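So the sequence lines, in the order shown, correspond to chains A and B. Counting from -12, one number per residue, gives the positions in the first sequence under the numbering used here. Counting from -3, one number per residue, gives the positions in the second sequence under the numbering used here. Reviewing the structure listed below.
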Amino acid sequence: MQSLKKYIFHPNILLSLTFAAMMAALALVFVYVPTEKTMGVVQRIFYFHVPLAWVCFLAYAVVFVCSLLYLRQRDTRWDRLAHSSAEIGIIFTTLVLIAGTIWAKAAWGSWWTWDARLTTTLILWFIYFAYLLVRAYATEESRGARYAAVIGIMGFIDVPIVALSIILWRTSHPGPLIFEGGLTSSMKLTLMVCILAFTLLYVYLLVNSNSIRRALDEVKSLKHFVDGRN
Amino acid sequence: MENSGYLLAAYSVIWAVVFCFVFVLSRRQRRLQRELDYLRKKMEEKG
């Protein structure tokens, strides 16, 4: 089981899988799927916008679980994983917001509106930005990790609010098209492949970022050891 | 191809940011690896 895990999460294998899935996703988005009639070609942003949002939720769910485990066990492995996932999460949230505003400009004629979905997503961005700031500016590393874990747990409350905002409030943002049956089978297939490709990209980035943090901890302890012997 | 500029802009930004992040990660990794190698060597020298 351990060797299988090592094999699956090997960076080169993950990179190859991600690359293949991304190529398939791009081919489906730009060659296979037909152009949507109402919005035209700009609707193709949807195939990357939705997977980016999915990865954000996944990344923050990982932060939530790892933060809980860190506070319970005080094992730095969970803290490293939460930190790495939060960093990736904020990058993907930034991309969701950027892709969303570009799409909004084409569809609604304005870059931004204080719509419930957009506003709650922006709040999500600020929450996890605060998570990273707390870590960066904490006087003690362990204290920063503790405070960040609390933000990682409390901040996750905003994730279901973002997801349900289109149902809870009247918004200009499109509804849950996948569940409402607003997508043709070719659109669904394209979206699923894009979601798979972005999930693989997230796992690849998480494995890499986490191994960097582990190496950083090793460097710190070795420095401490070397300095102690001088 | 109305609005294709927006489509191009969205996809360009997404890929640019993803590639930048991967580049930053690989630079961090290389720097840490060099530092680790140096520290291990220093420890070996001291026995």
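Note that beta-carbon positions come from the ideal geometry of N, C-alpha and C, so glycine has one too. For clarity, every value in this text was computed on a predicted model and none was experimentally measured.
Given this structure, state the Cα-to-Cα distance separating residue i from residue j, to the nearest angstrom.
i: Thr81/A; j: Tyr34/B; result: 37 Å
i: Trp156/A; j: Leu32/B; result: 53 Å
i: Lys37/B; j: Ile199/A; result: 20 Å
i: Glu74/A; j: Pro147/A; result: 20 Å
i: Arg133/A; j: Thr107/A; result: 25 Å
i: Ser173/A; j: Phe6/A; result: 21 Å
i: Ala123/A; j: Thr171/A; result: 46 Å
i: Tyr191/A; j: Gly87/A; result: 24 Å
i: Phe44/A; j: Gly142/A; result: 12 Å
i: Leu111/A; j: Ser129/A; result: 24 Å
i: Val28/A; j: Arg23/B; result: 37 Å
i: Val121/A; j: Gly76/A; result: 16 Å
i: Tyr19/A; j: Ser3/A; result: 22 Å
i: Asp102/A; j: Lys210/A; result: 50 Å
At 9 Å on the CB atoms, spell out the chain A contacts of residue i, in chain order.
i: Phe15/B; result: Near Phe15/B there are no residues of chain A at all, since even the closest Cβ is about 11 Å away, more than 9 Å.
Starting from the beta carbon of residue i, find every residue of chain B whose beta carbon is closer than 8 Å, and list them in chain order.
i: Arg31/A; result: Leu3
i: Ala202/A; result: Gln25, Leu28, Gln29 and Leu32
i: Glu127/A; result: In chain order: nothing, as chain B lies at least about 22 Å away.
i: Trp90/A; result: Tyr2 and Ala6
Identify whether residue i lies in helix, strand or coil by the three-state DSSP scheme.
i: Glu41/B; result: helix
i: Asp214/A; result: helix
i: Asn(-1)/B; result: coil
i: Trp11/B; result: helix
i: Arg157/A; result: coil
i: Gly142/A; result: helix
I want to verify the contact list: residues of chain A whose CB lies under 7 Å from the CB of residue i, in sequence order.
i: Lys38/B; result: Val213
Residues of chain B with CB under 7 Å from residue i, in chain order?
i: Ala93/A; result: Asn(-1) and Tyr2
i: Ile182/A; result: Under the 7 Å cutoff, chain B gives no residues; its nearest Cβ is about 15 Å from Ile182/A.
i: Ser196/A; result: Leu21
i: Tyr23/A; result: The residue asked about is misnamed: residue 23/A is Glu in this sequence, not Tyr. Those do not exist, as Glu23/A stays about 11 Å from chain B at its closest Cβ, beyond 7 Å.
i: Ile77/A; result: Residues of chain B passing the Cβ test: none, with the nearest at roughly 11 Å.
In chain B, which residues lie with their C-beta within 9 Å of the C-beta of residue i?
i: Ile245/A; result: Here chain A has residues from -12 to 217 only, and residue 245/A is not among them.
i: Phe35/A; result: Ala6, Tyr7 and Ile10
Scan the stretch 6 to 94 of chain A and note each continuous alpha helix (DSSP H) run of 4 residues or more that stays entirely inside, going in chain order.
-> 33 to 60
Entirely enclosed alpha helix (DSSP H) segments - the stretch 103 to 136 of chain A, minimum 4 residues | 103 to 124
State whether the stretch 59 to 77 of chain A contacts the stretch 32 to 47 of chain A, with contact taken as three or more CB pairs (one from each stretch) at a distance under 8 Å.
-> yes
With a floor of 4 residues, list each alpha helix (DSSP H) that falls wholly inside the stretch 158 to 209 of chain A, ordered by position along the chain.
-> 164 to 167
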